[in-house]
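Protein chains in written order, with the working numbering: chain C, 342 to 760; chain L, 272 to 578.
Remarks on the structure that follows.
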């Protein structure tokens, strides 16, 4: 497998070199701010920028990598003063504050170019606010249920497709003395993933987006139905105990040790699970089950993005960099197994051979007709996301408080969306 | 040359040296205190009347932020929980004073190696609050934690201290008491050095022992130490931010928040950036602190006058 990768990378590198830049030579300084502070993504990005620099020797490129968490608060400062030319961020509502404050450059012109318009169509919606595009994506990843295949085999279970199968599977897992799902809700967002799926499966993608946009009451019967389904799992004891004390990483050992059979997570959970010793024979993936057969399946697939700040000084070079990042060649390289290990956003790029990436790619491209959501804390406004995810956590610990929680969320909705 | 001539030639500065000198020495301190404390206090007051996300233009909303806080109070929402927890912190944290006194009395003896014991007791104050928080988080861990191992010997537990909204605040306060007790202990140890042996002798002649000796002879002489211990403990309780941030991030579902943490969350955290609202919380916190500050200043003033 490794040698194949090397060969493809080598071949691609050659093809990149051959396809010399047609545009006029770029000069000046290009400052790039990245939040890819983990070792592997960081190396990936730096290598990619290196390749860009080779194509544009006249450019003086300066790269700054900022810690991923710190970046989320620092972006407010550097978008207004001492602004870089290119910066990473997230799609959908997460970029709205900066779009509305006029801090991101409108890059609709890039999206009008056939190269991008044709190959990036699937993610256009996530980058669109007010009919304009404000950045380009560079990677995304699927969410779904990662499960212990060996435990399923031992109990004679198969991947569930419907809610009934899900419940009966789960009952058998609980009867064997395990929890169905591990989860760590200390940092709240993991519960947001569960809410995303349960609500999209119960009420559909459009309803889910309306709820995120504050158009539906939290005390609506349909929302209550979502929570009723959730409660079914909670009352069974499907989730591990004390999940409110753990981070998502701290919840991994339960699955590794076989105390829990599955994990609803993003694809980034695969790497630590493999490092912890689970082989691909033990680990597998299935799409979240159908609950309401009348709604189309929709998935969570958070997209990470590049933007040009409105105050950037070298926008021409920045645009060229964005074109470079989304090109099929670069997309194939940076998203392969040795680099980000995620899904490329360019339709012409090839997906890594990794079984989870292949399965995720198939799922998102063929079996998500309802739409693709970004994730609860990126689709809903920050304040609403915070309050609601706290409510989800409380609900998971104390499901009987539901009415109180929903009343609180409804009050928050009326306050947050009124202006 | 006469003496009169000399005074005439003296500059204005020389003549007023006595009066100017204190102000000159105070100037750097006053300047920094103004820039970093006094002016920001008024800026916070001002900001609390606006709605501002830190990016766009600030919008004047009058008392709206305080109104929202009031409704959060009425609805038993986050603000109510934070304020309640602040009170629990204030009361429970004061336990550090008697505990510190007790340890100080216990260590105030001359046996071989007492310095080592003293430093061991002082140790928690030296290590960072972050470490204290992490150590206690592991100690409380519901599956692998030492606490539950210990409880299981007696057939009790398991208790998820940091995951249960009834215990979480007390759990964090307990972690905070560990270094704070050490601090109070040091204050009392130095205080005990200054206790007048003749008074103890006199008390002993009058037949005072044990509790009576402590209450009537020792404690009155430790008053300055008690006062300082009280001040630092109250301030420590109101600042209780770092432990909460490390141990629970205000959770589970916001039940361990205090005002300082809530302010941070609202104004500066990942999902926050309601600057005006955060400022309003800060103002409330400031008013609470002001009560204590006024009390401290007043009692210090009385003390000074007494001498």
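C-beta: ideal position from N, C-alpha, C; glycine also.
Please go through the same chain and pick out, in chain order, the residues whose beta-carbon is closer than 7 Å to the beta-carbon of residue i, but skip the five residues on each side of it.
i                     : result
residue 449 (chain L) : 395 and 403
residue 715 (chain C) : 432, 433, 467, 643 and 644
residue 415 (chain C) : 407
residue 746 (chain C) : 732, 735 and 736
Give a yes or no on whether the minimum CB-CB distance between residue i and chain L is below 7 Å.
i                     : result
residue 608 (chain C) : no
residue 731 (chain C) : yes
residue 754 (chain C) : no
residue 726 (chain C) : yes
residue 422 (chain C) : no
residue 379 (chain C) : no
residue 591 (chain C) : no
residue 483 (chain C) : no
residue 585 (chain C) : yes
residue 734 (chain C) : yes
residue 723 (chain C) : yes
residue 437 (chain C) : no
residue 417 (chain C) : yes
residue 572 (chain C) : no
How about residue i: is its C-beta nearer than 7 Å to some C-beta of chain C?
i                     : result
residue 407 (chain L) : no
residue 404 (chain L) : no
residue 327 (chain L) : yes
residue 541 (chain L) : yes
residue 525 (chain L) : yes
residue 317 (chain L) : no
residue 582 (chain L) : This structure does not reach residue 582 (chain L), given that chain L is present from 272 up to 578, and the question cannot be answered.
residue 333 (chain L) : no
residue 416 (chain L) : no
residue 450 (chain L) : no
residue 413 (chain L) : yes
residue 434 (chain L) : yes
Can you check DSSP and say which residues form a bridge with residue i?
i                     : result
residue 474 (chain C) : C:469
residue 269 (chain L) : Absent from the model: residue 269 (chain L). The displayed extent of chain L is 272 to 578, so no value can be given.
residue 322 (chain L) : L:330
residue 427 (chain C) : C:373
residue 641 (chain C) : C:714
Go ahead and label residue i buried or exposed: buried means 16 or more other beta carbons lie within 10 angstroms of its beta carbon, across all protein chains shown.
i                     : result
residue 658 (chain C) : buried
residue 304 (chain L) : exposed
residue 617 (chain C) : exposed
residue 356 (chain L) : buried
residue 583 (chain C) : buried
residue 562 (chain L) : exposed
residue 661 (chain C) : buried
residue 733 (chain C) : buried
residue 285 (chain L) : exposed
residue 471 (chain C) : exposed
residue 272 (chain L) : Bear in mind that the predicted position of residue 272 (chain L) carries a pLDDT of just 45, short of 50, making it too unreliable to give a figure here.
residue 520 (chain C) : buried
Under 7 Å between the Cβ atoms of residue i and residue j?
i                     : j                     : result
residue 527 (chain C) : residue 588 (chain C) : yes
residue 446 (chain C) : residue 649 (chain C) : yes
residue 548 (chain L) : residue 336 (chain L) : yes
residue 492 (chain C) : residue 740 (chain C) : no
residue 489 (chain C) : residue 590 (chain C) : no
residue 377 (chain L) : residue 453 (chain L) : no
residue 443 (chain L) : residue 514 (chain L) : yes
residue 626 (chain C) : residue 431 (chain C) : no
residue 690 (chain C) : residue 679 (chain C) : no
residue 644 (chain C) : residue 467 (chain C) : yes
residue 751 (chain C) : residue 705 (chain C) : no
residue 533 (chain C) : residue 730 (chain C) : yes
residue 693 (chain C) : residue 530 (chain C) : no
residue 539 (chain C) : residue 571 (chain C) : yes
residue 675 (chain C) : residue 681 (chain C) : yes
residue 630 (chain C) : residue 507 (chain C) : yes
residue 484 (chain L) : residue 375 (chain L) : no
residue 477 (chain C) : residue 667 (chain C) : yes
In chain order, what residues of the same chain lie with their CB nearer than 8 Å to the CB of residue i, ignoring the 5 residues before and after it?
i                     : result
residue 343 (chain L) : 349, 350 and 351
residue 444 (chain C) : 420, 421, 650, 651 and 652
residue 482 (chain C) : 607, 608, 609, 642, 643, 683, 684 and 701
residue 546 (chain C) : 636, 637, 639, 711, 712 and 714
Less than 6 Å between C-beta atoms, sequence neighbours within five positions excluded: which residues of the same chain meet that for residue i?
i                     : result
residue 386 (chain C) : 375 and 377
residue 474 (chain C) : 448, 449, 452 and 468
residue 394 (chain C) : 402
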